[in-house]
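S.K.: Mind looking over this structure? Questions follow.
Numbering (our numbering), first residue to last: 2 to 138.
Take a look at the structure:
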């Protein structure tokens, strides 16, 4: 009988896989964008869940990661009799700004980015990238 390979069965393995996904990274960027728009007043944590149609379990995982990286700060408040948090961008994040033209590059938001980077997909045959390269601005 051939040995079986270990599948992603432990929750820790599944969480690591999710955190490396393009969708997870896109949600991180979107949360930071929402916090930037909220400014110094911040935004209630639950409002972020509503704006992104995101369940709190996945959302809290993203917030923990962003907080650990020093990108956001949480302030505990009572809202309508319940404990919640107001979230704000950390000052450290406000100083870091990538050039806006990077948002136009299709690879940054492509669900196949990891596959192209690992060589599983051929980057030279990507129609979205070819269209972007040929586009006259």
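The C-beta atom is built at its ideal place from N, Cα and C for all residues, glycine as well. Quick caveat, the model's predicted, so the values are computed rather than measured.
Check each candidate in 100, 50, 41 and name the one with the smallest Cα separation from residue 31.
M.R.: Taking only the C-alpha atoms, the option nearest residue 31 is 50.
S.K.: Taking 9 Å as the cut-off, decide whether the C-beta atoms of residue 1 and residue 67 are in contact.
M.R.: Since the displayed the chain opens at 2 and closes at 138, residue 1 lies outside it and no answer follows.
S.K.: Straight-line CA distance for residue 72 to residue 127?
M.R.: Rounded to the nearest angstrom, the two C-alpha atoms are 33 Å apart.
S.K.: Kindly indicate the opening and closing residues of the beta strand (DSSP E) around residue 77.
M.R.: Segment 73-80, the beta strand (DSSP E) holding residue 77.
S.K.: Spatial neighbours of residue 3 within its chain, please: CB distance less than 7 Å, with the 5 preceding and 5 following residues excluded, ordered by chain position.
M.R.: Confidence at residue 3 is low in this model, with a pLDDT of 45, below 50, so the placement of that residue should be treated as unreliable; the coordinate-derived value is given next. So no residue of the chain qualifies.
S.K.: Once DSSP output is grouped into helix, strand and coil, what is the label at residue 84?
M.R.: Strand at residue 84.
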